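Encoded as C-alpha cells, the structure appears first; notes follow it.
There are 4 protein chains.
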Amino acid sequence: MNQTIEKIIQFRDERDWKQFHNPKDLAISLMLEAAELLENFQWKTSDEAIAKNMTNIEDELADVMIYAVLLADNLGIPIEQMILNKIEKNEAKYPVDRFKGSSRKYNEAE
Amino acid sequence: MNQTIEKIIQFRDERDWKQFHNPKDLAISLMLEAAELLENFQWKTSDEAIAKNMTNIEDELADVMIYAVLLADNLGIPIEQMILNKIEKNEAKYPVDRFKGSSRKYNEAE
Amino acid sequence: MNQTIEKIIQFRDERDWKQFHNPKDLAISLMLEAAELLENFQWKTSDEAIAKNMTNIEDELADVMIYAVLLADNLGIPIEQMILNKIEKNEAKYPVDRFKGSSRKYNEAE
Amino acid sequence: MNQTIEKIIQFRDERDWKQFHNPKDLAISLMLEAAELLENFQWKTSDEAIAKNMTNIEDELADVMIYAVLLADNLGIPIEQMILNKIEKNEAKYPVDRFKGSSRKYNEAE
C-alpha cells in the first residue's frame, strides 16, 4: 500500500501539479469525486448499482482515495497515524458494549 | 498501512456493524464525511482553515479514508489494485507531455 | 413567493453579510446544506427518515433554497428566467415521447 | 414564481416520473446537482469561474432549485411557509445586534 501511495504522489509530480494543489480546492475535489461515486447509486438499489456500474464505482472510489492521499500529502499529515488517531476517538465515541449491533448515532438515544 | 486497514475492519466487526453496511448508504456516508471535511474551508482561505481547524481537518479526512476502506471491503474490491488501475487510466487521460504544468481538464482546449 | 425571496435578501442585508458572500463560498455552502439534508436519510429508508427527521428535513431543504436564492442574487441571475431556461433545455434532453415512464438518463440506452 | 414552480411539477408529470421520485433519491439528486454546480468553481477563483462557466453555473443552479421544488412537492411541504419558518429560526440563531458584520458561526466565540 505504501508503494501505491508513492505512485499517487509520483503521478502528480511528473505533471508538476503540486503548484495548483491548495488544500481548499483539494477538499472540493475530494467532495466532487465522492459525488461522482454516489451518482452510480442514484435512482438505484445497491444491487442494481453494482450490476450496472461496478467498473465506474471502482474508478470513482479510487479517485476519492487518490484525492484523500493528495490532500494528506499537501497538508503534511502522516496518513496511518491520522487514521489510527481517529479510530481511537471513534472507539471512545462508540464503545463496543453500548453500540454492538446498533446503527444509531453516538448522540441518539438508546 | 495494511495493518491500519485491518484495524478499520476490526473496528467495524467488533461492533457487528457489517449488517448495516449496504454500498449505497456507505457511498452516502463517504459523501457526508467529504462535506464535513470541506466545511472546515467554508468562508475561509486555505491558510485560515489550517490555522483554525487543523485537528478537525485531520479527523474528517481520516473518516473519509475509513469509509472508503469500508466501502471497498463491502464490495470485495482489492484497494491497491483498484488505485493502480485508476492511475493507469489517469495516465492515458493526462499524458505528461500534454498536461505538465497545466491545470486544465482533459476535455478542455489547450 | 417573491416576497419570501425578498425576505431572504433582507435577512442577509440586516446582518451586512453581502461582503462575505463570494460565489465560490456560496456554492460550497449550498453543497454543505444539501449534504446536511441528505444526512437525514443516511442508513434509513425514505419512510424511516420522514418518520424520524421530518422537521430537520424541512429546515435543511429551506437552507438549500435560501443559499440558492443568495447565490442567484449574488450573481445577478433572475431566478424565474433561469429556471424556465433550464426547463426548456431539459425538455429538449428528455422529450416526452421517448422518456415518459422511464427512469433512464438521457445518455443511457433505451 | 408560483407559475414557475407549477412548470417544474408539470415537466415531471408529463413524463410520469413521480413514480420514481422517492425522497431519499431526490435528496441524493439535489446533492449531486449542488456538486455539479460547485464543479464550476474547482481550481478557480470566483471571478475565473464566472468568466469561464457562467452559463453552466446558471444551468446547475436551476437544477438545484428544480430538485428542491420536486422534493418539497414529494414531501407535501408548502415551500413559502417552510422558508419563512427557517428564516425565523435563523433570526433567533443570528440576532442582528450580535452578528451584524461578522462571518463567524453561531456557535463560534465572538
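Residue numbers (this note's numbering), protein chains in the order written: chain Z, -2 to 107; chain V, -2 to 107; chain W, -2 to 107; chain C, -2 to 107. Each residue gets a CB set at the ideal place from its N, CA and C atoms; glycine is no exception. Predicted, not measured: the structure shown is a model, and the values here were computed from it.
According to DSSP, is W/Asn74 part of a helix, a strand, or is it coil? As written in the sequence, residue 74 of chain W is Ile, which differs from the Asn given in the question. W/Ile74 falls in the coil class under three-state DSSP.
Ends of the alpha helix (DSSP H) at C/Lys4? -1 to 11
Where V/Pro20 sits in the DSSP three-state scheme: Helix at V/Pro20.
C/Ser99 by DSSP, collapsed to three states: which one? coil
Consult DSSP for C/Thr42 and reduce its assignment to one of helix, strand or coil. coil
How would you label C/Val61, buried or exposed, when you count the other beta carbons within 10 angstroms and need 16 or more for buried? Under the 10 Å beta carbon count, C/Val61 is surrounded by 16 or more other beta carbons and is classified as buried.
Meets three-Cβ-pair contact criterion under 8 angstroms: the stretch 61 to 71 of chain Z and the stretch -2 to 12 of chain Z: yes
Can you list the residues of chain V that Z/Tyr91 reaches, using a CB-CB cut of under 8 angstroms? Arg12
Beta-carbon proximity of Z/Ile54 to V/Leu72, cut-off 8 angstroms: yes
On the three-state DSSP scale, how would you describe C/Glu55? helix
Are C/Ala59 and W/Lys21 close, meaning C-beta to C-beta below 8 angstroms? Not a contact, by the Cβ cut-off of 8 angstroms.
If you drop the 5 nearest sequence neighbours on each side, which residues of the same chain put their C-beta closer than 7 angstroms to that of V/Leu27? Cβ neighbours of V/Leu27 beyond the five flanking positions: Val61, Tyr64, Ala65, Leu68.
Coarse secondary structure for W/Tyr64, derived from DSSP in three states: helix
Exposed or buried, C/Ala48, counting other C-beta atoms within 10 Å across all chains shown (16 or more means buried)? exposed
Please state whether DSSP places Z/Ala31 in a helix, a strand or coil. helix
Pull up the distance between the alpha-carbon of V/Ile74 and that of Z/Gln16, whole angstroms please. 32 angstroms
Per DSSP, what kind of secondary structure is W/Glu36 in: helix, strand or coil? helix
Rounded to whole angstroms, what is the Cα-Cα separation between W/Leu29 and V/Gln0? Those two C-alpha atoms are separated by around 33 angstroms.
Three-state secondary structure (DSSP) at W/Ala106? Of the three classes helix, strand and coil, the one that applies to W/Ala106 here is coil, per DSSP.
Using 8 angstroms as the limit for Cβ to Cβ distance, is W/Ser100 near chain Z? yes
Check the Cβ of V/Leu67 against every Cβ in chain W and list those closer than 9 angstroms, keeping chain order. Here the premise fails: no neighbours, minimum Cβ distance about 13 angstroms.
Output needed in chain order: residues of the stretch 43 to 59 of chain V with a Cβ under 9 angstroms from some Cβ in chain C. none
Suppose you measure from the CA of Z/Asn19 to the CA of Z/Glu36; what does that come to, to the nearest Å? 26 angstroms
Status (buried if at least 16 other CB within 10 Å, exposed otherwise) for C/Lys83: With 16 or more Cβ atoms within 10 Å of its Cβ, C/Lys83 is classed as buried.
Quick one: list the residues of chain V neighbouring Z/Glu77, beta-carbon separation under 7 angstroms, in chain order. Met(-2), Thr1
By Cβ distance, which residues of its chain are closer than 7 angstroms to C/Leu103, with the 5 residues on each side in sequence left out? The residue asked about is misnamed: residue 103 of chain C is Tyr in this sequence, not Leu. Taken in chain order, the residues that qualify are Lys90, Tyr91.
To the nearest angstrom, report how far apart V/Asp44 and W/Lys41 are at their CA atoms. 37 angstroms
Our contact map puts Z/Lys86 next to V/Arg12 with C-beta atoms below 8 angstroms; I'd like the distance itself, whole angstroms only. Not confirmed; about 15 angstroms, so no contact.
Can you find a heavy atom of the ligand FAD that lies under 7 angstroms from the Cβ of Z/Ile84? You won't find the ligand FAD in this model; it holds no ligand whatsoever.
Less than 6 angstroms between C-beta atoms, sequence neighbours within five positions excluded: which residues of the same chain meet that for V/Glu33? Glu57
Which of the residues in the stretch 22 to 45 of chain V, read from start to end, lie with their CB under 8 angstroms from any CB of chain C? Ile25, Met28, Trp40
Closer than 8 angstroms by C-beta to C/Leu23: which residues in its own chain qualify, once you throw out the five before and the five after it? Chain order, please. Tyr64, Leu67, Leu68, Asn71
I want to see whether chain C comes within less than 8 angstroms of Z/Phe17, judged by CB atoms only; does it? yes
Below 7 angstroms on C-beta distance, what does C/Asn104 contact in chain W? Here the premise fails: no neighbours, minimum Cβ distance about 15 angstroms.
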